[in-house]
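Written below as structure tokens is the structure these notes are about.
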Amino acid sequence: MFYTLRKEFKKSAIMIESKIEYDYGKVFENPEILVLNNSFTIHKGKKAFDVILYCDPLNFAISERFKNILEENEVTGWECYPIIIEGLESNYFGFHTTGKGGEVLNLDKDGLVPTFEPIQWDQSKWDGSDIFNIEDTGIKACTQRIKEILEKAKITNLEIKPL
Numbered sequence: 018m019f020y021t022l023r024k025e026f027k028k029s030a031i032m033i034e035s036k037i038e039y040d041y042g043k044v045f046e047n048p049e050i051l052v053l054n055n056s057f058t059i060h061k062g063k064k065a066f067d068v069i070l071y072c073d074p075l076n077f078a079i080s081e082r083f084k085n086i087l088e089e090n091e092v093t094g095w096e097c098y099p100i101i102i103e104g105l106e107s108n109y110f111g112f113h114t115t116g117k118g119g120e121v122l123n124l125d126k127d128g129l130v131p132t133f134e135p136i137q138w139d140q141s142k143w144d145g146s147d148i149f150n151i152e153d154t155g156i157k158a159c160t161q162r163i164k165e166i167l168e169k170a171k172i173t174n175l176e177i178k179p180l
């Protein structure tokens, strides 16, 4: 079974904004501009969780604790880059998914990813990574093993739902 990894929107959660403008779709594919320009400010919120939202719909940062859990469990399909968040002393990292999954097979009549039914995707094109993006979507997905690791660790501000 596969699952989506989505940032939650917890009450009073910090949301951060880059000091530079960027195309969030391009950063989703290749975060190089934020690797080179890694300073952020707190846009809103007061509480820092394991997942901190960027001011865009696709990207987020992870805590050092979250990063260490992924590394200790030899999770594949991701990389990260250090970021600086003004006003926050804890270490955070921009999260980037490198794993690849296949395309969505059950697009709706408008050619969009279904909202209220399970997503069917071409698993023959999946590269086998533990964490991966579904092709041509903003969907970050993971395996059962990763779901169990993250739930056991009680990673905060992350929603894990069946794909």
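The sequence shown: position 58 = 75 (our numbering), numbered continuously.
All residues carry an ideal CB built from backbone N, CA and C; glycine is no exception.
query	result
Through-space distance from E34 to S56, alpha-carbon basis	9 Å
Nonlocal neighbours in the same chain, by C-beta distance under 6 Å from E96, ignoring five residues either side	H113, T115
contact_flag[the region 133 to 147, the region 89 to 103] where n(CB pairs < 8 Å) is 3 or more	yes
Environment of S80 [buried if 16+ CB atoms lie within 10 Å]	buried
Environment of T132 [buried if 16+ CB atoms lie within 10 Å]	exposed
Entirely enclosed beta strand (DSSP E) segments - the region 99 to 161, minimum 3 residues	109 to 114, 117 to 120, 148 to 152, 157 to 160
Unbroken beta strand (DSSP E) run spanning F19, endpoints	19 to 24
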